[in-house]
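These notes concern the structure reproduced below.
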Amino acid sequence: MYEAGSPSAFPTSSAASGAAVHIPQRTCIGCRKKDDQAVLIRLVGVESDGRIAVHIDEHRRMSGRGAWVHRGSACFAAALRRRAFNRAFRGQVDTADAEAWFKALESAPSGSGLETVQPESGSEI
Ligand SMILES: [Zn+2]
1 MYEAGSPSAF PTSSAASGAA VHIPQRTCIG CRKKDDQAVL IRLVGVESDG
51 RIAVHIDEHR RMSGRGAWVH RGSACFAAAL RRRAFNRAFR GQVDTADAEA
101 WFKALESAPS GSGLETVQPE SGSEI
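The following block contains the structure:
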């Protein structure tokens with residue numbers, strides 16, 4: 001396996017030491033953008049039978065390795081496409097549970113004022 005276009009170094013050292021940060025920022029593994037934790041959903045990898053099942057952790061209480069993605073199927077799809085889950089959870093992942101959640105999210109009327117993500121037209125990434 002090879003990586004097309006080596007990903008940049010993972011940002012480990014966090015800035016903002018001492019500064020009071022009210023809303024934690026997380027990086028979406030779909031679009032790689034940092035955003036408020038509030039607009040991202042946490043995903044947790046739960047290992048079973050050598051595979052890692054990806055679950056939605058809406059209340060951010062589950063233990064285990066976590067990853068964050070925007071609450072929109074576009075970012076989730078992007079994460080799937082670039083195999084970000086495999087990288088985030090270090091193994092073969094089963095995303096059926098998370099996929100179902102995002103599918104339900106799509107069909108549910110939002111009305112929460114969140115910006116809707118435009119579906120991608122064409123694939124230029
Ligand atoms: Zn995103």
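Taken in order, the sequence shown gives residues 1 to 125; the numbers are from UniProt numbering.
Note that the Cβ used here is the ideal one computed from N, Cα and C, for glycine as well.
In the three-state DSSP reduction, residue 53 falls in the strand class (E or B).
According to the DSSP assignment, residue 103 belongs to the alpha helix (DSSP H) that extends over 96-107.
Contact between residue 42 and residue 57 holds: CB atoms are separated by about 4 Å, below the 8 Å threshold.
Counted as a single uninterrupted DSSP element, the stretch harbouring residue 63 is not any beta strand (DSSP E), since DSSP gives it neither H nor E. Linking residue 93 to residue 48 through their CA atoms gives a straight-line distance of about 10 Å. The residue from 65, 55 and 38 with its alpha-carbon nearest to that of residue 87 is 65. In the DSSP assignment, residue 32 falls outside any beta strand (DSSP E) and carries neither an H nor an E. When DSSP states are grouped into helix, strand and coil, residue 42 belongs to the strand group.
Any heavy atom of ligand 1 within less than 5 Å of a residue's beta carbon puts that residue on the list, which reads 28, 30, 31, 70 and 75.
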